[in-house]
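Residue 234 is where the sequence shown ends in this note's numbering, and the numbering goes up by one at each step.
The beta carbon of each residue, even a glycine, is placed where N, CA and C say it ideally should be.
Here the structure is a predicted model, which means the values were calculated and not measured.
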Amino acid sequence: MPKDRIVVSLGGSVLVPGEDDSEYIRNLARLLIRLSDMYALFVVTGGGRPARYYIEVGRDLGMDERALDAMGIILTRLNARLLIQALGPKASPEPPEDYEEAREVGEEYDIVVMGGQRVSITTDGVAAELAEAVEATRLINATSVDGVYTADPNIEPTASRFDKLSYEDLIRIAGRPTGLAGPSIVIDPHAAQVIKRARISVYVVQGRDLKSVEGAIIGGDFVGTVIGEDGSR
Ligand code: UTP
Numbered sequence: 002m003p004k005d006r007i008v009v010s011l012g013g014s015v016l017v018p019g020e021d022d023s024e025y026i027r028n029l030a031r032l033l034i035r036l037s038d039m040y041a042l043f044v045v046t047g048g049g050r051p052a053r054y055y056i057e058v059g060r061d062l063g064m065d066e067r068a069l070d071a072m073g074i075i076l077t078r079l080n081a082r083l084l085i086q087a088l089g090p091k092a093s094p095e096p097p098e099d100y101e102e103a104r105e106v107g108e109e110y111d112i113v114v115m116g117g118q119r120v121s122i123t124t125d126g127v128a129a130e131l132a133e134a135v136e137a138t139r140l141i142n143a144t145s146v147d148g149v150y151t152a153d154p155n156i157e158p159t160a161s162r163f164d165k166l167s168y169e170d171l172i173r174i175a176g177r178p179t180g181l182a183g184p185s186i187v188i189d190p191h192a193a194q195v196i197k198r199a200r201i202s203v204y205v206v207q208g209r210d211l212k213s214v215e216g217a218i219i220g221g222d223f224v225g226t227v228i229g230e231d232g233s234r
């Protein structure tokens with residue numbers, strides 16, 4: 002029987018925040034290698050602070066949004082290469098550049114790691130489109146916060162976490178597209194639309210909490226938010 006396919010969107014803020022990054026990447030790789038015996042894993046890496054830095058400097062220099070996005074994509078692919086290195090022979094050696102390639106490479110390798118895909122989306126959008134393309138069982142959004150909150154918990158201390166959300170709730174919370182490179186929200190509007198269209202089950206977890214990442218991948222216990230059909234876990 003073919004393995005269930007799971008897509009993990011790994012924020013750059015989780016992968017390379019500048020806090021013991023190589024140790025974290027090594028531990029994450031160990032977990033993914035173990036779980037790849039049971040699941041076909043597709044990981045999408047975000048750009049994080051390095052991407053934001055390049056986008057900020059490029060914008061100051063007068064680069065247009067497409068050129069800024071193109072730099073962001075390069076940074077996401079560099080991050081993919083860091084994880085690929087830690088995964089060793091279990092992972093495809095090069096980040097695929099489109100979904101068809103990802104699907105094909107997934108036939109050959111237990112773990113596929115890719116970065117960005119085209120201008121004017123984010124890696125959450127890529128992860129949602131990839132989940133749709135490979136008909137994933139679920140999409141794990143491993144981010145810097147432990148779920149979707151009523152407001153940004155770093156700014157609003159009284160914000161509370163949703164345990165469950167419906168697709169309609171997600172669309173409402175994600176808001177409208179900004180059209181600017183480097184946005185920073187838990188799930189952006191384009192990704193939210195794809196998730197709703199393809200009825201993808203999404204588990205939002207704190208990516209550095211590897212117990213929760215594991216729980217979400219296997220569909221077990223974890224701290225975070227589930228987005229689904231009727232908002233049920
Ligand atoms: P990310 O998707 O990583 O953005 O890509 P982010 O919102 O900063 O995510 P975290 O912090 O990693 O979770 C960085 C930038 O690269 C461009 C966009 O400008 C994005 O904001 N990008 C990325 C694209 O244009 N297309 C892609 O497919 C991916």
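Query: Are the region 135-142 and the region 7-25 in contact at 8 Å, needing three or more beta carbon pairs?; Result: yes
Query: I need the DSSP call for Tyr110, collapsed to helix, strand or coil.; Result: coil
Query: Cα separation between Val81 and Asp111?; Result: The sequence shown places Ala at residue 81, rather than the Val named in the question. Those two C-alpha atoms are separated by around 15 Å.
Query: Would you tell me roughly how many angstroms separate the C-alpha atoms of Val45 and Gly63, rounded to the nearest one?; Result: 29 Å
Query: Below 8 Å on the Cβ atoms is my guess for Val15 versus Ser145; work out the distance and round it to an integer in Å.; Result: 6 Å
Query: Please work out which residues of its chain come closer than 7 Å, Cβ to Cβ, to Ala129, disregarding the five sequence neighbours upstream and downstream, and give them in chain order.; Result: Leu140, Ala192, Val195, Ile196 and Ile201
Query: Taking Cβ positions, are Pro190 and Gly176 nearer each other than 8 Å?; Result: yes
Query: On the DSSP bridge list, what partners appear for Ala143?; Result: Leu11 and Val206
Query: Reducing DSSP to helix, strand and coil, say where Ile170 ends up.; Result: Per the sequence presented here, residue 170 reads as Asp, with Ile not at that position. Looking at Asp170 - three-state DSSP - the assignment turns out to be helix.
Query: Classify Ala160 as buried or exposed, calling it buried when 16 or more other Cβ atoms lie within 10 Å of its own Cβ.; Result: exposed
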